[in-house]
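Participant: Plus 184 on top of the position in the sequence shown (first one is 1) and you've got this note's numbering. I am attaching a structure below and will ask some questions about it afterwards.
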Amino acid sequence: MGRSTTPAGWPKDLPPPESGEFDERVVTWLLDRAPPGFRTASTLRAQPTALGLLVLHTAAGEVEALRAAYAAARRELSHMLSPEQLDGVLADVEAQGAASVETRRQIDLVVAALAGARWRERL
Numbered sequence: 185m186g187r188s189t190t191p192a193g194w195p196k197d198l199p200p201p202e203s204g205e206f207d208e209r210v211v212t213w214l215l216d217r218a219p220p221g222f223r224t225a226s227t228l229r230a231q232p233t234a235l236g237l238l239v240l241h242t243a244a245g246e247v248e249a250l251r252a253a254y255a256a257a258r259r260e261l262s263h264m265l266s267p268e269q270l271d272g273v274l275a276d277v278e279a280q281g282a283a284s285v286e287t288r289r290q291i292d293l294v295v296a297a298l299a300g301a302r303w304r305e306r307l
């Protein structure tokens with residue numbers, strides 16, 4: 185059986201789930217990606233798996249919202265912005281969308297780890 189590892193896309197700023205630091209840092213890591221109101225929810229802080237699931241759904245919603253914004257931007261902004269400005273807006277939304285997809289992937293992996301998933305090196 186292979187050695188323990190983390191999968192592609194695992195957050196660089198979070199230790200692997202097998203390390204003792206993971207349990208200490210995962211709640212803070214998730215809260216850093218959560219809506220601000222989650223920080224004051226003591227029940228969520230005490231239940232990392234529930235927190236992770238809610239943060240995952242929030243992140244998925246952000247990805248969908250950015251996709252919708254990108255799809256609507258040209259139609260809704262073309263009469264207000266020059267073509268160059270609109271291209272800049274679309275590039276910014278696209279970049280944020282890519283970052284949000286990456287964050288959602290990281291959260292998905294962390295939620296899987298909280299549910300007990302572990303990864304092993306393969307040949």
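Every residue, glycine too, gets a C-beta built ideally from N, C-alpha and C.
Determine the DSSP secondary structure at arginine 259, reduced to helix, strand or coil.
Facilitator: Correct three-state label for arginine 259: helix.
Participant: Hey, could you find the ends of the alpha helix (DSSP H) alanine 283 is sitting in?
Facilitator: Unbroken alpha helix (DSSP H) run through alanine 283: 267-298.
Participant: Tell me whether the beta-carbon of threonine 242 lies closer than 8 angstroms to the beta-carbon of proline 220.
Facilitator: No, Cβ-Cβ distance for threonine 242 and proline 220 is not below 8 angstroms.
Participant: Measure the C-alpha to C-alpha separation of leucine 261 and leucine 228 and round it to an integer number of angstroms.
Facilitator: When rounded, the distance between both Cα atoms is 39 angstroms.
Participant: Here's the rule I'm using: 16 or more other beta-carbon atoms within 10 Å means buried, otherwise exposed. How should arginine 217 be labelled?
Facilitator: Flag for arginine 217 reads buried.
Participant: Less than 8 angstroms between C-beta atoms, sequence neighbours within five positions excluded: which residues of the same chain meet that for tryptophan 303?
Facilitator: Contacts found: Ser188, Thr189, Thr190, Pro191.
Participant: Relative to the alpha-carbon of valine 294, which residue among Arg223, Ala230, Ala234 has its alpha-carbon at the smallest distance?
Facilitator: If we check each option's Cα against that of valine 294, Ala234 comes out closest.
Participant: Closer than 6 angstroms by C-beta to proline 232: which residues in its own chain qualify, once you throw out the five before and the five after it? Chain order, please.
Facilitator: If we look at proline 232 and ignore the five residues flanking it on each side, its Cβ neighbours are Val210, Val211, Leu298.
Participant: In the structure shown, what three-state DSSP assignment does arginine 251 receive?
Facilitator: Helix at arginine 251.
Participant: Just verifying my parser: in three-state terms, what is the DSSP assignment at arginine 229?
Facilitator: Three-state result, arginine 229: helix.
Participant: Can you tell which of Leu274, Pro199, Glu268 has its C-alpha closest to the C-alpha of alanine 255?
Facilitator: Here the closest residue by C-alpha is Leu274.
Participant: Below 8 angstroms CB to CB, which residues in the same chain sit around arginine 288 once its five sequence neighbours on both sides are set aside?
Facilitator: If we look at arginine 288 and ignore the five residues flanking it on each side, its Cβ neighbours are Leu240, Ala243, Ala244, Glu246, Val247.
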